[in-house]
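Here's the structure we're looking at; comments come further down.
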Amino acid sequence: MTSSFTVHAASGYEQLMGRWSRRLAPKFIDFAGLAGGEKVLDVGCGTGSLTFELAKSGDLTDIQAIDFSPVFVAAAKERNTDPRVTIQQADATALPFADNAFDRALALLVLHFVPEAGKAVAEMRRVTRPGGVVAAVVWDHYGGMTGMRMMIDTVAALSESGRQLRNRYCFQPMMQPGEMKRTFVEQGLVDVTEAELMIRMDYANFDDFWVPIGAGEGPLGKYMTTLDAAERERVEAAVRDAYQAGRPDGPRSFANVAWACRGIVP
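Heads up, the sequence shown is in the numbering used here, so the first residue is 1459 and it goes up one at a time.
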């Protein structure tokens, strides 16, 4: 099953989101919990933000990671130096593991890009042993990503295609309050808990914010590739103006909130 996340180069993803995924990963692990001797699955590993944060725990015995994108899998494999870590290409809705194979199945910033997110949660439950933990975290695109909403709202003011982008971006799966929790419950998980996690995205200047988007990375970058040259220039100028907000170009910091959910396999 395809992912709705567009990736061209691992380096572009790192500048767009990987650096922020690494900042979120420790908070997510604290929320999901870990225990010594466990086997853990990272569903949708990307370039390895969660995988390699998990590997900092010397008490884990096995860390398996999968991603749908061969670009991400290759990049994560290249980074890996830990013999406990195995990375492979696979589909989150058809995990290539036996029932009850893991103590925890975790998904960092991936379920909102899976068209059938409920099926992915069901698969995470299937491969997790009774008493084990399934946990996931997704960005709150509508109410919690101020930096990205800055661009989204700017392009929505410029054109009908921008308004359509905003509708798609703000209402991806699993992003509304309580939505992930309901899905976890529907898939038979118990003691389900939902929480908010927050980080800040700190940019050195507008180019630091814009370069991966302008290069076509992620959903906002994909939108840029649909525009002709004149419209791309118009959008970039408008987003630059929004970023600078009447002040000289330079550092900006944006608060970003994610929804996290955790449940127990009965």
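Idealized CB from N, CA, C, for every residue including glycine. All of these numbers come straight from a predicted model, not from anything done at the bench.
I'd like to confirm the pairing. Which residues does DSSP put opposite residue i in its beta bridges?
| i | result |
| --- | --- |
| residue 1768 | Any property of residue 1768 remains undetermined from this structure, which presents the chain solely from 1459 to 1724. |
| residue 1497 | 1520 |
| residue 1707 | Its beta-bridge partners do not exist; DSSP assigns none. |
| residue 1597 | 1716 |
| residue 1652 | 1719 |
| residue 1545 | 1523 |
| residue 1693 | Residue 1693 pairs with nothing; no bridge assigned. |
| residue 1560 | 1586 |
| residue 1592 | 1563, 1721 |
So which of the options has the shortest CA-CA distance to residue i?
| i | options | result |
| --- | --- | --- |
| residue 1711 | 1702, 1585, 1495, 1650 | 1702 |
| residue 1404 | 1563, 1571, 1622 | No answer is possible for residue 1404: it lies beyond the span of the chain, which begins at 1459 and ends at 1724. |
| residue 1556 | 1531, 1584, 1537 | 1584 |
| residue 1510 | 1528, 1681, 1487, 1526 | 1487 |
| residue 1497 | 1697, 1633, 1587 | 1587 |
| residue 1548 | 1540, 1475, 1529, 1646 | 1529 |
| residue 1690 | 1668, 1707, 1708 | 1668 |
| residue 1659 | 1681, 1630, 1713, 1705 | 1713 |
| residue 1665 | 1635, 1707, 1688 | 1707 |
| residue 1661 | 1537, 1523, 1534, 1606 | 1606 |
Since residue i contacts residue j with CB under 8 Å, what's their CB separation in whole angstroms?
| i | j | result |
| --- | --- | --- |
| residue 1542 | residue 1518 | 6 Å |
| residue 1715 | residue 1656 | 5 Å |
| residue 1645 | residue 1576 | 6 Å |
| residue 1525 | residue 1504 | 6 Å |
Does the beta-carbon distance from residue i to residue j come in below 8 Å?
| i | j | result |
| --- | --- | --- |
| residue 1500 | residue 1512 | yes |
| residue 1717 | residue 1579 | no |
| residue 1719 | residue 1650 | yes |
| residue 1479 | residue 1507 | yes |
| residue 1696 | residue 1612 | yes |
| residue 1581 | residue 1553 | yes |
| residue 1599 | residue 1633 | yes |
| residue 1722 | residue 1589 | yes |
List, from N- to C-terminal side, the alpha helix (DSSP H) runs of 4 residues or more that fit wholly inside the stretch 1564 to 1590.
As far as the stretch 1564 to 1590 is concerned, its whole alpha helix (DSSP H) runs of at least 4 residues are 1575 to 1584.
Any alpha helix (DSSP H) of 4 or more consecutive residues that is wholly inside the stretch 1623 to 1653
You should have 1637 to 1644.
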